[in-house]
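Residue numbers (full-length UniProt numbering): 1 to 855. The beta-carbon is built from N, C-alpha and C at its ideal position, and this holds for glycine as well. Owing to the predicted nature of the structure, the values given are computational and were not obtained by experimental measurement.
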């Protein structure tokens with residue numbers, strides 16, 4: 001048998017790993033053995049998902065599948081072993097520890113490094129780059145120190161993709177965050193001025209200061225007005241900007257772009273492109289025929305591509321070439337879609353309209369904060385590219401249409417999905433040659449072929465075709481295609497239960513199993529996960545009046561329910577007593593004021609007509625709540641997926657326009673439904689007349705007074721995707737109104753998916769509002785009596801959760817900040833003044849990852 005040739009891969013990022021996978025998958029004869037030299041100590045990981053590391057700090061969660069090549073004798077992976085030099089004549093690579101490795105072919109996959117502008121002071125210890133896992137660890141350490149200092153401020157230099165991801169990380173650490181961008185708007189490489197301007201406004205609305213059109217002149221130790229003792233609290237730098245302003249910061253992150261890691265190739269005498277990168281032809285061959293370059297270091301015909309999709313394509317080309325193929329690098333797809341700080345942003349094709357005589361079709365809605373632009377050919381028939389900001393739901397359908405003739409009026413394609421936009425067309429509008437996954441070059445036809453071959457779910461399609469395994473933006477289309485091809489989709493809650501949430505609800509109700517361990521032993525597999533555990537906990541709470549921290553159930557709760565309080569961004573907790581209808585006695589007002597003073601808490605009157613207190617440590621919560629409970633107050637359930645508030649106007653008691661007593665009704669329904677656990681949070685409101693001062697039509701349950709009684713509206717939601725509530729029934733008397741709300745809530749609780757609010761639940765419900773009306777008002781399912789009985793049981797069994805904690809020493813023992821320091825955790829919670837207000841500073845508390853916005 002002929003001896004295998006040897007290929008050395010320098011670099012083990014996403015593209016280097018893809019090359020190894022591609023070559024091993026094609027090389028059935030074992031023609032090549034592979035040695036991979038990795039500079040980092042971590043095997044290949046998902047650098048696209050790097051920001052996710054700031055949520056869990058678990059490196060293993062970002063590891064790419066099969067990155068250790070376990071059991072594959074043809075691949076030798078050497079971690080923390082970078083290449084030091086290449087001898088092209090001898091065909092050898094020298095490693096950093098002096099080993100000499102010979103090669104038949106050499107593949108450079110060295111990627112890029114973070115560019116740091118030559119600003120004076122850029123090398124101070126406060127300054128970091130945002131590129132690797134080690135970089136993020138350093139940023140985390142610096143941010144936690146800054147958060148406790150007198151300068152809890154973070155600055156990101158660069159307003160592109162990485163810059164905004166870095167800003168999100170700094171904000172999560174509790175820092176006041178600034179973004180500096182030299183261009184007139186954020187994400188200048190992907191967005192046009194109008195789309196960038198909207199993104200600027202949206203990012204500013206999230207509390208991040210955006211400075212555009214400015215550069216940094218110097219970074220130097222911050223100057224104080226008077227000498228201070230040198231300590232960590234004074235460890236800050238001052239950034240002087242070219243507009244004459246300055247910013248003092250504890251952490252500075254450079255995210256000003258990347259440069260190819262071509263120093264190894266330069267030293268070896270390979271041709272380098274004018275703007276950096278190893279020059280290659282379309283076969284990814286360098287000026288040395290035995291050396292290839294792939295990924296971000298490759299300047300293919302002089303151009304470097306900074307996205308994973310083109311990098312994967314180059315890896316596939318070289319794998320094919322080493323086995324005698326003739327593959328070439330084609331047209332690169334530079335499309336991007338991501339959610340930055342909760343804001344959807346996408347660009348695809350010729351997004352900037354650089355094609356001569358191209359036409360723009362634009363829908364710009366500053367009220368709804370959405371911007372959509374299509375770039376068309378001069379005859380308005382062919383899609384060349386586009387930009388989506390605020391709502392990128394049409395991206396999956398529009399991107400594969402690039403270079404194709406449009407199926408209809410261009411303007412209609414960027415209308416909201418509910419108005420027949422591209423999001424409503426679905427994958428059925430695409431031809432088989434449409435590229436669904438640009439990262440892995442998978443077409444609709446490829447996916448259909450895989451379905452015909454037996455793939456019946458998204459996981460199967462991903463494994464078979466690799467679609468959706470990189471950036472993940474095409475995954476929704478995979479599910480759409482399966483449905484379009486008539487493949488019934490599993491509604492399993494997770495890998496541990498084959499049942500949907502609604503089926504789990506009925507299972508628990510019918511079997512009366514009251515523990516997660518009992519449920520998974522009889523109906524599931526494995527040990528459970530972060531999806532099924534909180535879901536089961538919610539269902540158990542919805543079907544009984546047991547305390548949420550009783551026994552085994554305590555360990556199932558998600559973030560906020562662990563301590564019956566909302567964790568805030570600085571690691572402290574909020575205290576929110578209930579005040580039905582916004583009514584509160586003078587004694588209770590005094591009590592809240594005294595507690596806020598004694599514990600140095602920040603207080604705020606919220607839009608839900610309650611007084612919130614912020615800044616409490618975990619160990620302080622029991623004493624705070626003891627005083628509140630003794631004062632006649634109870635938990636406001638601001639932390640739970642349950643009823644939050646019932647907002648009301650003053651109604652007929654005081655208002656000259658009031659037609660009914662909205663305050664009395666708000667108090668009645670808040671007391672009735674308090675503590676009711678649900679798939680998601682529930683908000684309600686009662687307006688005393690059609691003037692709608694309580695904004696009832698933006699709530700899950702909205703009630704508006706009429707001359708004859710009450711109009712009942714349901715399924716309104718605020719937030720990022722606001723929905724108006726819809727009229728369920730009109731002119732109801734008090735008794736009928738309460739009965740209908742009982743039925744509506746129990747119908748929702750039993751049938752909604754996990755973390756599904758009432759608006760998306762209604763949209764997904766077959767029959768929509770008519771179905772809800774038939775069930776609630778006409779009792780079409782014959783379940784009305786059962787729904788009412790379940791609600792009556794909840795009302796009768798309600799008890800304040802915090803009183804339950806105070807009465808139980810075992811539950812009280814949970815409320816310590818650190819298990820090895822039960823007396824007191826961090827004795828100080830610091831605030832800094834900002835515009836006359838107290839702004840919290842991070843205190844190093846254990847951080848959980850909330851599954852929803854706690855408000």
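- prompt: Taking buried to mean at least 16 other C-beta atoms within 10 Å of its own C-beta, is residue 432 buried or exposed?
  reply: Stepping through the chain shown from its first residue, residue 432 is reached at position 432. It counts as exposed.
query: Considering residue 87, what are the terminal residues of the beta strand (DSSP E) in which it resides?
result: Counting from one through the chain shown, the residue named residue 87 turns up at place 87. 83-87 is the extent of the beta strand (DSSP E) around residue 87.
query: Tell me the DSSP bridge mates of residue 710?
result: Within the chain shown, residue 710 is the residue found at index 710, counting from 1. Partner(s): 705 and 732.
Cβ pair residue 632, residue 588 closer than 8 Å: The residue given as residue 632 occupies position 632 in the chain shown. The residue given as residue 588 occupies position 588 in the chain shown. Yes; because the gap between Cβ atoms is below 8 Å, this pair is in contact.
query: CB-CB under 7 Å to residue 287, same chain, minus the five flanking residues each way: which ones, in chain order?
result: If you number the chain shown from 1, residue 287 lands on position 287. Cβ neighbours of residue 287 beyond the five flanking positions: 270, 271 and 279.
message: Ignoring anything shorter than 4 residues, give me the alpha helix (DSSP H) runs that lie fully in the region 453-486, in order along the chain.
response: 458-465 and 475-484
- request: Closer than 7 Å by C-beta to residue 385: which residues in its own chain qualify, once you throw out the five before and the five after it? Chain order, please.
  value: Stepping through the chain shown from its first residue, residue 385 is reached at position 385. Once the five neighbours on either side are set aside, the close Cβ partners of residue 385 are 348, 349, 350, 351, 375 and 402.
task: Would you mind listing the beta strand (DSSP E) stretches within the region 271-332 that are 3+ residues and don't spill past its ends, in chain order?
output: 278-280, 291-293 and 298-300
message: Please classify residue 136 as buried or exposed, where buried requires at least 16 other C-beta atoms within 10 Å of its C-beta.
response: Taking the chain shown and counting its residues from 1, one reaches residue 136 at position 136. It is buried - the Cβ of residue 136 has at least 16 other Cβ atoms within 10 Å.
task: Determine, using beta-carbon pairs with one atom in the region 782-800 and one in the region 730-746, whether at least three such pairs fall under 8 Å.
output: yes
query: Residues bridged to residue 212 by DSSP?
result: The sequence position of residue 212 within the chain shown is 212, counting from 1. Partner(s): 181.
task: Figure out for me which residue from 359, 602 and 373 has the closest Cα to the Cα of residue 195.
output: By one-based count along the chain shown, residue 195 stands at place 195. Comparing Cα-Cα distances from residue 195 to each of 359, 602 and 373, the minimum goes to 373.
message: Using only CA atoms, which one of 464, 257, 435 and 483 lies nearest to residue 397?
response: As a position in the chain shown, residue 397 is number 397, starting the count at 1. Nearest of 464, 257, 435 and 483 to residue 397, Cα basis: 435.
- request: Return the residue from the list 321, 644, 12 and 104 that minimises the CA-CA distance to residue 132.
  value: Taking the first residue of the chain shown as 1, we reach residue 132 at position 132. If we check each option's Cα against that of residue 132, 12 comes out closest.
task: State the start and end residues of the unbroken alpha helix (DSSP H) segment that holds residue 505.
output: Along the chain shown, read from residue 1 onward, the residue named residue 505 stands at position 505. Taken as a continuous stretch (DSSP letters only), the alpha helix (DSSP H) holding residue 505 covers 501-511.
Beta strand (DSSP E) segment containing residue 365, residue limits: Taking the first residue of the chain shown as position 1, residue 365 is located at position 365. Run containing residue 365: 359-365, per the beta strand (DSSP E) assignment.
message: Assuming contact is defined by CB atoms lying nearer than 8 Å, are residue 678 and residue 641 in contact in what I supplied?
response: Translated into positions along the chain shown, residue 678 becomes position 678. Translated into positions along the chain shown, residue 641 becomes position 641. Yes. Within cutoff.
query: In this structure, what does DSSP give as the bridge partners for residue 437?
result: Indexing the chain shown from 1 puts residue 437 at position 437. Paired residues: 442.
query: Does the count of Cβ pairs from the region 361-371 and the region 317-325 closer than 8 Å reach three?
result: no
- request: Could you name the residues of the same chain whose beta carbon sits closer than 7 Å to that of residue 110, not counting the 5 residues immediately before and after it, in chain order?
  value: Along the chain shown, one-based indexing puts residue 110 at 110. Answer for residue 110: 10, 11, 261, 264 and 297, listed in chain order.
query: From this set, 306, 565, 637 and 289, which residue's C-alpha is nearest residue 276's C-alpha?
result: Working through the chain shown from its first residue, we reach residue 276 at position 276. The residue with the shortest Cα to Cα distance from residue 276 is 306.
- prompt: Can you list, in chain order, the residues of its chain whose CB lies under 8 Å from that of residue 141, leaving out five sequence neighbours each side?
  reply: Against the chain shown, residue 141 aligns to sequence position 141. Result list for residue 141: empty, nothing under 8 Å.
Sequence-distant residues of its chain with Cβ nearer than 6 Å to residue 513 (five each side left out): Locating residue 513 in the chain shown gives position 513, where the first residue counts as 1. Result list for residue 513: 519, in chain order.
- prompt: What residue does the beta strand (DSSP E) around residue 238 start on, and which one ends it?
  reply: Numbered from 1 along the chain shown, position 238 holds the residue referred to as residue 238. Per DSSP, residue 238 belongs to the beta strand (DSSP E) from 237-241.
- prompt: Between which two residues does the alpha helix (DSSP H) harbouring residue 164 extend?
  reply: The residue labelled residue 164 in the question sits at position 164 within the chain shown. 161-172 is the extent of the alpha helix (DSSP H) around residue 164.
- prompt: So residue 609 and residue 582 are in contact, right, with Cβ under 8 Å, and what is the actual spacing, rounded?
  reply: The residue given as residue 609 occupies position 609 in the chain shown. The residue given as residue 582 occupies position 582 in the chain shown. The pair is a contact, with the Cβ atoms about 3 Å apart (cut-off 8 Å).
field: Candidates 219, 186 and 215: closest to residue 203 by CA position
entry: Residue mapping note: residue 203 aligns to position 203 of the chain shown, counting from 1. For residue 203, the nearest C-alpha among the options comes from 186.
field: Inter-residue Cα distance where the pair is residue 461 and residue 488
entry: One-based indexing of the chain shown puts residue 461 at position 461. One-based indexing of the chain shown puts residue 488 at position 488. Cα to Cα, the separation comes out at about 14 Å.
- request: In the DSSP assignment, find the beta strand (DSSP E) that holds residue 576 and state where it starts and stops.
  value: By 1-based counting over the chain shown, the position of residue 576 is 576. Segment: none, residue 576 is in no beta strand (DSSP E) and carries neither H nor E.
- prompt: Looking at C-beta atoms only, is the number of pairs between the region 175-185 and the region 149-161 that lie closer than 8 Å three or more?
  reply: yes
- request: Under 8 Å by Cβ, that's how I've got residue 116 and residue 75 pegged, so tell me the actual separation to the nearest angstrom.
  value: The count along the chain shown starts at 1 and reaches residue 116 at position 116. The count along the chain shown starts at 1 and reaches residue 75 at position 75. Residue 116 to residue 75, Cβ: 34 Å. No contact.
- prompt: How many Å lie between residue 216 and residue 273 at the Cα?
  reply: As a position in the chain shown, residue 216 is number 216, starting the count at 1. As a position in the chain shown, residue 273 is number 273, starting the count at 1. Each residue's Cα considered, the two are about 28 Å apart.
- prompt: Quick one: is residue 102 buried, meaning 16 or more other Cβ sit within 10 Å of its Cβ, or exposed?
  reply: If you number the chain shown from 1, residue 102 lands on position 102. Label assigned to residue 102: exposed.
- prompt: Between residue 723 and the rest of its own chain, which residues show a CB-CB distance below 6 Å, the 5 nearest in sequence each way excluded?
  reply: For this step, residue 723 is matched to residue 723 along the chain shown. Counting only Cβ-Cβ distances below 6 Å, and skipping sequence neighbours, we find 716, 717 and 759.
query: What number of angstroms, rounded off, separates the C-alpha of residue 441 from the C-alpha of residue 329?
result: Here residue 441 corresponds to residue number 441 of the chain shown, with the count starting at 1. Here residue 329 corresponds to residue number 329 of the chain shown, with the count starting at 1. Taking the straight line joining both Cα atoms gives about 12 Å.
Contiguous alpha helix (DSSP H) assignments of at least 4 residues, all confined to the region 587-629: none
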